[in-house]
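Residue numbers (the UniProt record's numbering): 1 to 328.
Quick reminder that beta carbons are idealized off the backbone N, C-alpha and C, glycines included.
Model, not experiment: these values are computed from the prediction.
In what follows, a structure is listed as structure tokens, so that the remarks can point back to it.
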């Protein structure tokens, strides 16, 4: 996490109770909201502990283990703000229904719900695509099927299939071919197609089954789609792309990061580290001020009005070293 001076904060998995030697995986940011991060194990399971982290003031709250039994890739987490309260939502697909857990920061407790649904065939959630919470609705991506929405107002589940012509390159075998982004009062799908085009699909708040999705723009990127990696949507509507040699992950032969202006269909190069995998923008927030402090391995005295959070994963050079979650 840093500002214009590019100083860094490092948080080790051990600070979040994760033994990387035992599990061989580390941390994942499952969602961001008003300066808070929802952090847990990369692979959610019954022993996964969920944390709320405020990286600006370096405070974190352990909200306990996931209260619903979840098998690998059968559930996902989301962080949002609704009715004056921060919420952590976990959704798990079972036999013919969904189980939903809603944590409220104000009460420091969970509410467990069961919602019937049999429309989608897949039980697995796409863990590579971050969930989003917009206007009290949490959106989760299911493998091959579409999006599962949980409304915090009426506590109902809704399933929305992907657009009929939604066909990201190499999907579903790569996490870089599409993303789910918050866009105004709803969400949007961003996809890289096999012909090298970037396509944005906006989800309408109302409409029939055939008119829920609207293709808002199509931009020719003039690059091999296997070289294009989607990073994230900036607050000003520009989309960040990374170009690298095809077929390898993490990408080698780094060619640079680019800002794609979705309105003007223009590309311009930007300065980001070559190992950046995701990006989000945080605001200053004093929530969790009374919680435990997480001291970074590298401190920074910089002050900034705009904070960019980037999460990177490093493989240890020696066996005794451990993966770290890095904020740039």
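CB contact flag (residue i, residue j, <8 Å)
i           : j           : result
residue 65  : residue 42  : no
residue 201 : residue 214 : yes
residue 228 : residue 240 : no
residue 81  : residue 33  : yes
residue 193 : residue 169 : yes
residue 291 : residue 138 : no
residue 242 : residue 257 : yes
residue 131 : residue 212 : no
residue 155 : residue 203 : no
Residues that DSSP places opposite residue i in a beta bridge
i           : result
residue 168 : 193
residue 219 : 198
residue 231 : Paired residue(s): none; residue 231 is not in a bridge.
residue 261 : 238, 266
Spatial distance of residue i from residue j (CA atoms)
i           : j           : result
residue 85  : residue 224 : 44 Å
residue 233 : residue 181 : 7 Å
residue 286 : residue 294 : 15 Å
residue 300 : residue 161 : Its pLDDT being 38, under 50, residue 300 is placed unreliably in this model, and the coordinates cannot settle the point.
residue 199 : residue 166 : 9 Å
residue 44  : residue 150 : 19 Å
residue 191 : residue 262 : 13 Å
residue 220 : residue 269 : 16 Å
residue 5   : residue 271 : Only weak support exists for where residue 5 lies, its pLDDT of 45 falling under 50; the value from the coordinates is given anyway. Going by the C-alpha atoms only, they are around 12 Å apart.
residue 106 : residue 83  : 11 Å
residue 35  : residue 147 : 25 Å
residue 217 : residue 197 : 10 Å
residue 79  : residue 264 : 32 Å
residue 188 : residue 124 : 21 Å
**OP:** Kindly confirm or deny that the stretch 89-100 and the stretch 60-72 touch, where touching means at least three C-beta pairs closer than 8 Å.
**Re:** yes
Original post:
What runs of the beta strand (DSSP E), each 3 residues or longer, lie entirely inside the UniProt domain "F-box associated beta-propeller type 3" (14-166)?
Top reply: 27-33, 36-41, 49-54, 59-65, 75-82, 85-93, 97-104, 109-116, 132-134, 137-141, 146-151, 156-161
Original post:
Are the stretch 55-62 and the stretch 95-104 in contact at 8 Å, needing three or more beta carbon pairs?
Top reply: no
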